[in-house]
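See below for the structure under consideration.
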Amino acid sequence: PRFESKNYILNKLLIKKKVKDSIDFMYGFFFGQNMYTPTDITVPTIQTDERPYAGWLYGGVKAISTNLKSEHLSRVTSELYLGVIGPYAFAGETQAFIHKITHAKTPAGWSNQIDSDLGFNYVFRYEGEIWSFPPNYFKRQLAKHEVGKEFVKNIFEINYSGEVNAGTVFNNLALGGLIRLGYMTPYFNSYNFGSTPIIKFNKEDSEAKLLKSITKFLRNVPQIFVFTRPQIRYVLENSMLQGGLSNRKSVYSLSNQNVNNLFGQLDYGFTINFRSTTLSYYQSIRTKEYSFALEKHKWGGINLLINY
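Numbered per this note's numbering, the sequence shown spans residues 7 to 314.
Here you go:
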């Protein structure tokens, strides 16, 4: 919360909605490591019919501002990434360590990875609600009777999103949507995909009442829903395939002609939330990112979120 202070220079760099009573702000810090490999990681030599090895190590700050009271709910997210690509991202060492302790195949081709470069990226994302059930009119009527709409569960939702990635690592534009079906906290009345409900309190509420309300609410938010997130992305530059913008001396990288400027992605899965714990399972399918790819790229994962 202290990040809302205008004295922080990073705060000024993050795009947010205008400050109004209906806007809720959340700030965060993040750290991550991305690693990209060919399909067969046991080959030590360059595979000219595959994508190059690449690593991206980063940290950053983010701001999320959500309009909670308008007829059409919306959210603005801005993220600032700073880091490195190439050997100093230590992606090869990380993968080798994980594969060693899990007795998986040893990656042999990281000596051919995209070369070192500084990484900077800025992400701006706008999300809006198309329709939900129960409709917002019903929720506003409940709010008049001392029941906030954040306490009402949605059964069905359709949202849209637009995103801009700009910097030295990724440069692309994306349009997408989100469809959810089940019993869930409304998307724009929560963070972390429903695991952290937004609760707006009146100024006259005492601290004790706030703590009691928060505790009671977080322990009574059972949710279960399925979701799908279609997206189409137009790529201008991808350093994980083409090498860094200021260093094109990688031993192997793809040319502009071999990179597909347009690709689609579909994510789908389900989420279960009980009290302060959220478990999600998802699968992702992406169309070919480069012209000579043999098949679509597919992966999946499990997310476990614990709020405290």
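Think of the CB as a built atom: it goes at the ideal place given N, C-alpha and C, for glycine as much as any other residue.
Classification of Q289 by the beta-carbon crowding that lies within 10 angstroms, buried from 16 upward:
exposed
Considering L268, what are the terminal residues of the beta strand (DSSP E) in which it resides?
268-280
Taking Cβ positions, are Y132 and G173 nearer each other than 8 Å?
no
DSSP beta-bridge partners for L184?
N165
When DSSP labels each residue in this structure, what does T45 get in the three-state scheme?
coil
What residues in its chain sit with their C-beta under 6 Å from that of Q248, if we drop five residues either side in the sequence?
S259, L260
Boundaries of the alpha helix (DSSP H) in which E56 is found, first to last residue
Unbroken run through E56: none, as it is neither H nor E.
Cα-Cα separation, R57 to G125
20 Å
When the Cα atoms are used, what is the spatial distance from N198 to R281?
14 Å
Quick one: grab the DSSP three-state call for Q102.
In the sequence as displayed, the identity of residue 102 is Ala instead of Gln. Correct three-state label for A102: helix.
So the candidates are F162, A60, L184, S196; which of them puts its Cα closest to the Cα of T72?
S196
Span of the beta strand (DSSP E) around A304
According to the sequence displayed, residue 304 carries Lys and not Ala. First-last of the beta strand (DSSP E) with K304: 303-312.
Would you decide whether T43 is buried or exposed? Buried here means 16 or more other CB atoms lie within 10 Å of its CB.
buried
Please go through the same chain and pick out, in chain order, the residues whose beta-carbon is closer than 8 Å to the beta-carbon of I21, but skip the five residues on each side of it.
A69, V82, S84, F130
Name the DSSP beta bridge partners of P236, please?
L272
Could you tell me which of P228, N177, L251, M246 sits nearest to T283, measuring between CA atoms?
P228
Compute the distance between the beta-carbons of N160 and V241, then report whether it is under 8 Å.
no
From T293 to E301, what does the alpha carbon distance come to, in whole angstroms?
8 Å
Beta-carbon spacing of V232, L181 below 8 Å:
no
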